[in-house]
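Trainee: Numbering (the working numbering), first residue to last: 3 to 443. Even for Gly, the Cβ is constructed at its ideal location relative to N, Cα and C.
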């Protein structure tokens, strides 16, 4: 059984990232332990169904209940109560400074005031404009050295008889693009039809003292070797220097520069125009600002609708397990379905007034247009109140399911607890864990 348990778990849920709510403090673990002790003291002793179908059913319940619980926690205020919707960063001047909020919507984050004095730029080399059909280079082997990020790369290529200048330019451009070293190249053409080779860095800004991202020099290695004599080596060095000089490979048209900006009056610099600030915002600097841009957090209609859809999706995933006909073989499934349906039915009228409809199966559908309309009309308070109560009740149910998913499979009761004198049973809730580790000795 252990193999099928893991295969199913990994295929269905192994790819999902952990939520921050899957990590717990010492006090939270102690609270969970106390819940387990209380549950054990009130539960009968039973023999658990450990068939493959029961295992899959329990895993589905556990994981969907855990996901719903995490979503509810994400949409709760810091004290665990109320509704807390996802917030969106809004810029007063998005053409100059754009922003994305990546922080915790529960925190009270103040507005940012951003001024951009200079944006980060990359290095651009534009060579000499030459007649494209001219023959400026003798046939032979050529090479040049390109240094970037303190690494020197040697580029080698051949020029053949009667090869036009445009062919040489395109060949060099192709070599640089294929090298995948953080540079891009292309051939430009001016109004007179002359062509020039341009090379630019993908990265902006620079580090260190010298404001250069890359530099190109001719390969002038004139050391003797077994294959080339000194005279030939000197001739090659001269050819390489002529190539770099004629094409203008080393001509810097735009030096790299770092971005200069202020946030809330604090002067800052960055080699990039995409900046992470205080683990809460990603700022994109687009152009110099005449007036400071203000970055604010708003729970707009779209983000509110997205939060509601996320909560409803978590709920629908859980109830879909209970309404799946293949799970009717388990005695506790009908009980679970009725418990979840009872919660949804008790809020059916309130949810309906908030743009949420509950069908006969207990599934909830979101009318996004209705939610956006209520947001625009300023009637979201009613939506908040009804959803907060629904969220609290369904979260409590999800916690119960997550605590003991094996409670809903076909369990055969062996003995009831003494109602006059309850005792703790430390192993009563270990069935799910034991199922996962059944193959170990």
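With H, G and I counted as helix, E and B as strand and the rest as coil, what does DSSP make of residue 316?
Mentor: Residue state, collapsed to three classes: helix.
Trainee: For residue 123, report the span of its beta strand (DSSP E) as first-last.
Mentor: No beta strand (DSSP E) contains residue 123, which DSSP labels as neither H nor E.
Trainee: So which of 246, 277 and 299 has the shortest CA-CA distance to residue 113?
Mentor: That would be 299, whose Cα lies nearest to the Cα of residue 113.
Trainee: Which first and last residues belong to the beta strand (DSSP E) in which residue 99 is found?
Mentor: First-last of the beta strand (DSSP E) with residue 99: 99 to 103.
Trainee: Of the residues 100, 94, 98 and 104, which one's Cα is nearest the Cα of residue 88?
Mentor: Closest option to residue 88, Cα to Cα, is 104.
Trainee: Alpha carbons only, please: which of 69, 92, 23 and 102 is nearest the one belonging to residue 283?
Mentor: Nearest C-alpha to residue 283: 102.
Trainee: Among all the DSSP beta bridges, which residues are the ones paired with residue 256?
Mentor: In DSSP, residue 256 forms a bridge with 126.
Trainee: Using the Cα positions of residue 168 and residue 288, report the straight-line distance between them to the nearest angstrom.
Mentor: Going by the C-alpha atoms only, they are around 35 Å apart.
Trainee: Assign residue 184 to buried or exposed, taking buried as 16 or more other Cβ atoms, counted over all protein chains shown, within 10 Å of its Cβ.
Mentor: With fewer than 16 other Cβ atoms within 10 Å, it is exposed.
Trainee: Bridge partners of residue 188, per DSSP?
Mentor: Paired residues: 200.
Trainee: Residues in its own chain within less than 8 Å of residue 155 by CB, not counting five upstream and five downstream?
Mentor: Correct list, in chain order: 147, 148, 149, 181 and 183.
Trainee: Would you identify the three-state DSSP class for residue 115, choosing helix, strand or coil?
Mentor: Correct three-state label for residue 115: strand.
Trainee: Under 8 Å, with one C-beta from each stretch per pair, do the stretch 11 to 18 and the stretch 361 to 375 reach the 3-pair mark?
Mentor: Because the criterion of three Cβ pairs below 8 Å is not met, the stretch 11 to 18 and the stretch 361 to 375 do not touch.
Trainee: Contact between the stretch 322 to 336 and the stretch 119 to 135 is defined here as three or more beta-carbon pairs at a separation below 8 Å; is this criterion met?
Mentor: Segments in contact, no.
Trainee: Should residue 27 be labelled buried (16 or more other beta-carbon atoms within 10 Å of its own) or exposed?
Mentor: Under this definition residue 27 is an exposed residue.
Trainee: Where does residue 400 land, buried or exposed, given buried means 16+ other C-beta within 10 angstroms?
Mentor: So residue 400 ends up on the buried side.
Trainee: Identify which residue in 158, 37 and 206 has its Cα closest to the Cα of residue 274.
Mentor: That would be 206, whose Cα lies nearest to the Cα of residue 274.
Trainee: Count the other CB atoms, across all protein chains shown, that sit within 10 Å of the CB of residue 425; report buried if there are 16 or more and exposed otherwise.
Mentor: Residue 425 should be labelled exposed.
Trainee: Who are the near neighbours of residue 99 in its chain, counting only those whose CB is closer than 8 Å to its CB and skipping five residues on each side?
Mentor: Same-chain partners within the cutoff: 93, 116, 118, 285, 286, 287, 288, 291, 295 and 297.
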